[in-house]
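Reviewing the structure listed below.
There are 2 protein chains.
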Amino acid sequence: MATRADVAKLAEVSASTVSYALNGKRSIKAETRERVLDAVEKLNYSPHIAAGVLAGGKPKSVALIFPSYGGNFSSLHLDYVQGVIDGAKSRNYHVIVWPQEEVSTQEIVQFKKSGLIAGVILMEIMENDKRVKAFAKEKIPFVMIGRTNSSKTLKYVDRDFEKVAEIAAEHLVSLGHKKIAVLTQKRMVESTVISVDERFTQAVKKYTEKFGLAADFLVGDNSIASGGSFFVELFKRPKKVSAVIGLTDLATLGFVNAARAAGISIPSEISVLGLNTQLGQIDLISPALTSVYVPAKEMGNSAVNILIDELNEESVHITQQLLAGHLVVAKSTGQAPK
Amino acid sequence: MATRADVAKLAEVSASTVSYALNGKRSIKAETRERVLDAVEKLNYSPHIAAGVLAGGKPKSVALIFPSYGGNFSSLHLDYVQGVIDGAKSRNYHVIVWPQEEVSTQEIVQFKKSGLIAGVILMEIMENDKRVKAFAKEKIPFVMIGRTNSSKTLKYVDRDFEKVAEIAAEHLVSLGHKKIAVLTQKRMVESTVISVDERFTQAVKKYTEKFGLAADFLVGDNSIASGGSFFVELFKRPKKVSAVIGLTDLATLGFVNAARAAGISIPSEISVLGLNTQLGQIDLISPALTSVYVPAKEMGNSAVNILIDELNEESVHITQQLLAGHLVVAKSTGQAPK
DNA sequence: CGTAATCGTCGACACGTGTCGACAACATAC
DNA sequence: GTATGTTGTCGACACGTGTCGACGATTACG
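Residue numbers (my numbering), protein chains in the order written: chain A, 738 to 1075; chain B, 738 to 1075.
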């Protein structure tokens, strides 16, 4: 395999000149650089990464804690990871993944000391996350996908719950809806889901009020069965609603299925709008669900970019970012019945 | 950060003794090793990986081509990846992921030359896969998850289609079924799905015959709608079947939903058995689907173990492995109606 | 007791790169 | 003309580890 010395010899320059020609840290005559690049091409040279790291070069790798699979059928995590990988690649970084285990944190700290890792991307953030504390203590740069209430000073990418709620409320209002129901999930202990759900619920509360929508919040869990119960509960009430916002995938799906089974037409009798969902991406629900999608890939991409910006600390950068995602209007929402 | 020299000084031995005490490549007096290990502990020393690689040590990392997300809702890929990561970790290897792009292959070749990668895990194998050719040409060790018809001499982990078919056929026969239908997918061009589906179809053909099951093969695609069509087609026929094997997730789901909507009871009127599915893992289908699950994590785990075995080439090892996965009996299959 | 083999340890070197200081050539300013 | 940068290049060294050859100490064996 070709080394810097080989390139230097072929280009008839010194070894250090080759380095500078390649990394641009000192000025090199254009003609010389040409010669070097030609030689690089001819020898198919690429710098030995380990040697570079050892010699004090900054590592070009980022660690990613790979989520433990939670058991729902969401492709969310896959998209996060893909966003991170693509983002890293576009900036010439590599991604090293770790399983999400207790020991991993300690190992990453060591790996960082080894010089192979520049920073870390975390997902599935929990309240009082031990990893967060460990990385902060060791001063290892990290960015979170998601956040907790105590994340004020940390770097993260998260959903813009308020914006999503606003988009949703606005959409329904624009269709003439006045009374709606919101299908929420009951608080789950020690999970990232807690805050996500609470935040969404609060945001929806805020924006439905703001837009003058009467919203009824139903609490269940994220399952098909729960979706069916929502439907039953809703239609035995006297004062009916004309639209429903579902905050969880399975419950929303269950609701739609129950409605169809009961002969209730969507959207002519009731509109259904999904938030925080991946459902629309697949042909799983009928009619196709109008939703505000989770911009998962973008979030992953953004996270890794924030991290790399920090590493290069070229200037002051964004350290916290909220992404809403777009409303995709499909077949499940329509004009409110008169 | 502590280096080997620091450890050596504290343990009052030479630097090389520290190395040998840690890697066991030369015999060291037990008492000396103790001293070294104590010093390592005290200084929280861990070897600088990049330096090790540079000095000729074998890299302890494996590359994984991260699948491009195909758009179905399967968590299959997530499980593969998790299996690979866990397996690698249990053998003290790290996993570096690449997006599945044309350029990645070339980059991995370079990375390998850089000495940071020992081998590669491939998934989503296609016929005439360029990556396979490239790695074979460059003599980079790799293991595939999945295979093609021309994989005879390559290393891979794949599903044991025959065994799965046998399990399925046996289960239905044991419940007294005589006539069944099989829901298959039409050939898709240039995708890993081709061979998987063909292999399953052939295997099912073989074992239904072997067990004396009359099987009717219906061809559609993997969608809810297609599942509905299957149902319609099946029930307008004169000679009815008592059980159905679904080879794809969405079609199977569509079939079950259509049956329920039509008031056909599962399993008392018709049994449904899913192969090659992740469906049962989630509360998405009702009644719960009896299935032979894809042992995706095990496959990932196995693949990385085959790779690492090869790298260590301690002896002759398994180079090809077929995994069936277990039959999980749920609520969707029962005795054939008389 | 003498010789050979083995054990345990040490010192030295190579691996390939990043980067600092030095220095010649050249441009700029007065 | 001299004094003062600026540009372009080179040589040298450090980074931390794996491992080879050497060598004294110990053991085995006749």
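By construction, the Cβ of each residue, glycine as well, lies at the ideal position given by its N, Cα and C atoms.
- In the three-state scheme derived from DSSP, where H, G and I count as helix and E and B as strand, ALA980 of chain A is classed as strand.
- For PHE803 of chain A, a Cβ of chain B is located within less than 8 Å of the residue's own Cβ.
- With its beta carbon at least 8 Å from every one in chain A, HIS1054 of chain B lies outside the interface.
- DSSP links LYS916 of chain B through a beta bridge to B:ALA951.
- For the pair GLU861 of chain A and ILE802 of chain A, the Cα-to-Cα distance works out to about 9 Å.
- With respect to the 8 Å criterion, GLU1047 of chain B and LYS892 of chain B are classified as neighbours on the basis of their beta carbons.
- Flagged as an interface residue toward chain A: ALA788 of chain B, by a C-beta distance shorter than 8 Å.
- Contact between GLN843 of chain B and PRO804 of chain B does not hold, since their C-beta atoms are separated by about 19 Å, which reaches or exceeds 8 Å.
- Looking only at A:ILE917, A:GLY964, A:SER963 and A:ASN959, the smallest Cα-Cα distance to LYS942 of chain A is reached by A:ILE917.
- Collapsing the DSSP output to three states places ASN959 of chain A in coil.
- Residue pairing by DSSP places HIS831 of chain B opposite B:SER798 in a beta bridge.
- When the five nearest sequence neighbours on each side are left out, the beta carbons in the same chain lying within less than 6 Å of the beta carbon of THR945 of chain B are those of ALA906 and ALA952, in order along the chain.
- Cβ proximity to chain A below 8 Å picks out HIS814, LEU815, ASP816, VAL818, GLN819, ILE822, ASP823, LYS826, HIS831 and VAL832 from the segment 814-832 of chain B.
- In the DSSP assignment, VAL857 of chain B falls within the unbroken beta strand (DSSP E) covering 856-859.
- In this structure, DSSP gives MET881 of chain B an extended state, which the three-state scheme calls strand.
- Of all residues in the segment 848-859 of chain A, only LYS850, SER851, GLY852 and LEU853 place a beta-carbon less than 7 Å from a beta-carbon of chain B.
- Listed along chain A, the residues sitting closer than 8 Å to MET738 of chain B by beta-carbon distance are LYS850.
- Using a CB distance cut-off of 8 Å, SER783 of chain B counts as an interface residue toward chain A.
- For ASP897 of chain B, the three-state secondary structure derived from DSSP is coil.
- In this structure, VAL1009 of chain B sits near GLY983 of chain B, with a CB-CB distance shorter than 8 Å.
- Taking a C-beta distance under 8 Å as the contact criterion, GLY852 of chain B and PHE879 of chain B do not qualify as a contact pair.
- A direct Cα-Cα distance of roughly 18 Å separates GLY820 of chain B from ASP897 of chain B.
- Membership of GLN843 of chain A in the alpha helix (DSSP H) is indicated by the continuous run 839-851.
- Chain A places a beta carbon closer than 8 Å to that of PRO836 of chain B, counting this residue as a contact.
- Taking 8 Å as the upper bound for CB-CB distance, LEU920 of chain A and PHE967 of chain A are in contact here, some 5 Å apart.
- Interface with chain A (8 Å Cβ-Cβ cutoff): SER1039 of chain B is excluded.
- Close to LEU791 of chain A, with beta-carbon spacing below 8 Å, are these residues of chain B in chain order: HIS785, ALA787, ALA788 and LEU791.
- The DSSP-derived three-state label of GLN939 of chain A is helix.
- VAL750 of chain A is a Cβ neighbour of ARG772 of chain A, given a cutoff of 8 Å.
- Where ASN1042 of chain B is concerned, there is no enclosing beta strand (DSSP E), although the alpha helix (DSSP H) around it starts and stops at 1033-1049.
- Taken through DSSP and simplified to helix, strand or coil, ASN781 of chain B comes out as coil.
- For GLU1006 of chain B, the closest alpha carbon among the candidates B:ASP866, B:VAL933, B:GLY1071 and B:LYS923 is that of B:GLY1071.
- Taking all protein chains shown into account, LYS795 of chain B has fewer than 16 neighbouring C-beta atoms within 10 Å of its C-beta and is therefore exposed.
- By the criterion of at least three beta-carbon pairs nearer than 8 Å, the segment 1027-1040 of chain A is not in contact with the segment 863-879 of chain A.
- Secondary structure of VAL750 of chain B (DSSP, three-state): coil.
- When the five nearest sequence neighbours on each side are left out, the beta carbons in the same chain lying within less than 7 Å of the beta carbon of ALA1033 of chain A are those of LEU813, ASP816, TYR817 and GLY820, in order along the chain.
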